[in-house]
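Asker:
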Amino acid sequence: IVYTASLVDKNGAPVTNITNPLTVTLDNGQSITIGVNQSSASVSVVAPDDVYKGDQTVTTAIKGVTGGEHFENLVPGTDKVTTTVTDTPGTDNTTTVTLTAPNAVNEGGQITYTATLSNKAGTDVTLKLDNGSSITIKAGDTV
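Using UniProt numbering, the first residue of the sequence shown is number 1, and each one after it goes up by one.
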């Protein structure tokens, strides 16, 4: 995702005669520095890639601006920008489940099966075992 900050006047025309760098801080922790005699600059952010199915949105806004002391009235934009990240399933998005149990138990003893996900569950996951038992892994957990 590429975020671009632009310095414009009240009519929307680029302002390029700045004598000190201007740093725009975004609410995602990234910052963009507009250099001397420049009207805009950009920062690239890696789009999130999670293991869950479906597209997701990323929303970002300006948190603050520094270095604009020589302007009479520097007003940061208040609009948020939203980017839709299109899901592209692949091998790096695979979640596996493993089932473990003790190697041996005493006669009449109870066998405890443990199911483990390789990624946190987005919602509750219920596994049905062929012995009729079921295991539920709660959302946000791996075990």
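We put the beta carbon where it would ideally sit given N, CA and C, even for glycine.
The structure presented is a predicted model; accordingly, all values stated were derived computationally and were not measured.
What's the gap between the Cα of I18 and the Cα of V58?
Answerer: 31 Å
Asker: Starting from Y3, follow the beta strand (DSSP E) in both directions and report where the run begins and ends.
Answerer: V2 to S6
Asker: Measuring alpha carbon to alpha carbon, tell me which residue in N131, S133, G64 and K138 is nearest G122.
Answerer: K138
Asker: Could you compute how far the alpha carbon of A5 sits from the alpha carbon of T126?
Answerer: 46 Å
Asker: Evaluate Y52 with the Cβ neighbour count: other Cβ atoms within 10 Å of its Cβ, from every protein chain shown; 16 or more gives buried, anything less gives exposed.
Answerer: Exposed, by the Cβ-count rule.
Asker: When the distance is taken between beta carbons, is N20 closer than 8 Å to G67?
Answerer: yes
Asker: Count Cβ pairs between the stretch 96-115 and the stretch 69-85 that sit closer than 8 Å; are there 3 or more?
Answerer: no
Asker: Can the beta-carbon of A115 be found less than 8 Å from the beta-carbon of V85?
Answerer: no
Asker: D55: which of F71, K128 and P89 sits nearest, CA to CA?
Answerer: Closest option to D55, Cα to Cα, is P89.
Asker: Hey, would you say residue 148 sits closer than 8 Å to N119, going by beta carbons?
Answerer: With the chain represented from 1 up to 143, any question about residue 148 goes unanswered, as that position is not in the structure.
Asker: Only counting the same chain, and skipping five residues up and downstream in sequence, which positions put a Cβ closer than 7 Å to that of V2?
Answerer: S42 and S44
Asker: Spatial neighbours of D93 within its chain, please: C-beta separation below 7 Å, excluding the five flanking residues on both sides.
Answerer: It is Asn, not Asp, that sits at residue 93 in the sequence shown. Closer than 7 Å at Cβ, skipping near neighbours: V51.
Asker: I'd like the list of long-range same chain contacts for T23, defined as Cβ closer than 6 Å, with 5 residues on each side in sequence excluded.
Answerer: S31, T33, T66 and G67
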